[in-house]
Amino acid sequence: MTIPTAAELVLRTAEKHGVPGPVAQELLAGSRPCVHLVPFQDLAPVQQQQARPAARTGGLPRLPDGVDWPDGREPLVLTIDCAALPHDALDIALPPDGSLLVFTEIEYEPESSVILHVPAGVRTTQRSAAFELNGEPEQVRVYQPDVLYPVPGLTVSPDWRDAPATSQFLDSGADRDDVLDDFEDAVRKAAAGGASHGVAVQLGGISTPWQSAPDEGDLVLLAQIHGQSIDLDVYTQTLVVGTREDIAARRYEALEFEQQV
361 MTIPTAAELV LRTAEKHGVP GPVAQELLAG SRPCVHLVPF QDLAPVQQQQ
411 ARPAARTGGL PRLPDGVDWP DGREPLVLTI DCAALPHDAL DIALPPDGSL
461 LVFTEIEYEP ESSVILHVPA GVRTTQRSAA FELNGEPEQV RVYQPDVLYP
511 VPGLTVSPDW RDAPATSQFL DSGADRDDVL DDFEDAVRKA AAGGASHGVA
561 VQLGGISTPW QSAPDEGDLV LLAQIHGQSI DLDVYTQTLV VGTREDIAAR
611 RYEALEFEQQ V
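Numbering (this note's numbering), first residue to last: 361 to 621.
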């Protein structure tokens with residue numbers, strides 16, 4: 361089966377919704393690719409037939425010899441199998457293999473957050489959640505493990521409707537806002553192959569923040585993590601941003617974490 365390019369998908373969807381080609385091109389110019397990480401039940405039926413897991417929420421970390429749980433003892437919320445991500449699906453440079461481990465607090469504002477890359481082929485052992493603090497036994501919060509599956513997607517800048525052709529289209533009729541809402545929703549759904557990704561983990565792309573967007577200027581989104589994708593009772597959103605250069609060089613200590621509620 362031939363997979364349409366982003367341009368083909370957007371133009372085809374625009375035609376179905378009565379949206380002029382120049383408007384579709386402006387949406388495309390304001391878009392960025394992403395990867396949604398979703399549970400199996402949120403995949404479309406055809407996707408379930410060939411699904412391959414690419415991440416896991418919660419659980420205990422497997423770390424190389426000599427590498428302990430990060431000092432802040434924040435929970436492990438996400439482990440990403442980089443080799444299982446769709447090839448060339450992102451416009452940021454993630455490692456081609458190995459695992460990315462995300463340690464952060466999703467229930468309260470974290471004191472520290474850490475992303476570690478564990479290279480492929482390195483010997484690892486599972487770390488315990490138990491530790492001592494001032495001689496007293498303590499335990500790190502461990503979230504229920506759940507497998508997530510990768511779905512390529514497309515995200516759209518919130519400012520794309522300010523572009524000239526789109527602004528002109530909006531001024532041409534009272535229902536044009538609704539037309540563009542339906543068009544944009546259809547583009548996102550088509551790009552994800554029909555998968556549901558409203559409450560999910562998103563890698564790359566443009567953020568959909570609940571407050572101000574942290575991916576502005578030189579900062580781009582590495583990950584957007586809905587608390588409910590880790591624990592259904594946690595209603596937060598964690599956004600991880602950094603420069604393209606730091607992400608490509610794996611300088612994960614330079615990344616910025618922001619929790620929104």
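Glycine included, each C-beta is placed from N, C-alpha and C at the ideal position. Every value quoted in this text rests on a predicted model; they were computed, and no experiment measured them.
Selected residue, minimal CA-CA separation from residue i, among the options
i: L582; options: Q408, L599, V511, K376; result: L599
i: L450; options: V580, F617, Y612, L530; result: V580
i: S459; options: A444, S589, E496, Y468; result: A444
i: Q409; options: L540, V395, A555; result: A555
i: V621; options: P382, P470, A551, F400; result: P470
i: L530; options: L371, L454, I452, P380; result: P380
i: G432; options: I475, P393, A415, V398; result: I475
i: A552; options: G513, A560, Q528, E544; result: G513
i: V502; options: V511, N494, Q486, L493; result: Q486
i: D425; options: P518, P479, H447, V406; result: P479
i: G378; options: H586, D541, D591; result: D541
i: D537; options: A550, A546, R521; result: R521
i: V437; options: V383, G587, K376, T526; result: G587
i: C507; options: A560, R392, T526, E616; result: Looking at the sequence provided, one finds Val at residue 507 rather than Cys. Out of A560, R392, T526, E616, A560 has the C-alpha closest to the C-alpha of V507.
i: L592; options: P393, P399, E616; result: P399
i: V511; options: P393, A609, A389, S589; result: P393
i: R610; options: V547, N494, A453; result: A453
i: P397; options: T515, P382, T417, G390; result: At residue 397 the sequence reads Leu, which differs from the Pro that was named. Taking only the C-alpha atoms, the option nearest L397 is T417.
i: Q571; options: A608, Q619, Q504, V500; result: Q619
i: E465; options: S532, A608, V427, I590; result: I590
Residues of its chain near residue i, where Cβ-Cβ distance is below 6 Å and the 5 sequence neighbours each way are ignored
i: E606; result: A small correction: the amino acid at residue 606 is Asp; Glu does not occupy that position in the sequence shown. Cβ within range, chain order: A614.
i: S567; result: A573, D575, L581, Q584, L599
i: A523; result: E386
Collapsed DSSP secondary structure at residue i in the structure displayed
i: S352; result: Beyond the ends of the chain as shown, which are 361 and 621, falls residue 352; an answer cannot be given.
i: L369; result: helix
i: V561; result: strand
i: Y595; result: coil
i: V621; result: coil
i: V516; result: strand
i: R611; result: coil
i: Q584; result: strand
i: T510; result: In the sequence as presented, Thr is not what sits at residue 510; that position holds Pro. The answer is strand: DSSP assigns P510 an E or B state.
i: R416; result: strand
i: G381; result: helix
i: L540; result: helix
i: E386; result: helix
i: E576; result: coil
i: T526; result: helix
Exposed unless 16 or more other CB atoms sit within 10 angstroms - verdict on residue i
i: R412; result: exposed
i: T365; result: exposed
i: A534; result: exposed
i: P421; result: buried
i: R483; result: exposed
i: L563; result: buried
i: Q597; result: buried
i: G558; result: exposed
i: G481; result: exposed
i: F463; result: buried
i: W429; result: buried
i: P518; result: exposed
i: E636; result: Past the edges of the chain, shown from 361 to 621, lies residue 636, and the structure says nothing about it.
i: P448; result: One point to set straight first is that residue 448 is Asp, not Pro, in the sequence displayed. So D448 counts as exposed.
i: A367; result: exposed
i: G565; result: buried
Cβ-based neighbour list, residue i, same chain, cut-off 8 Å, excluding 5 preceding and 5 following
i: S488; result: L420
i: T603; result: D578, L579, V580, A614
i: E492; result: E498
i: Q407; result: Y509, V511, G553, G554, A555
Beta-carbon contacts of residue i that lie in its chain and below 7 Å, excluding the five residues immediately before and after
i: P497; result: A490
i: A550; result: L369, T373
i: A384; result: V370, L371, A374
Taking only runs of the beta strand (DSSP E) that begin and end inside the stretch 422–505, which ones reach a length of at least 3 residues, in chain order?
422–424, 436–441, 459–463, 474–478, 484–486, 490–493, 496–499
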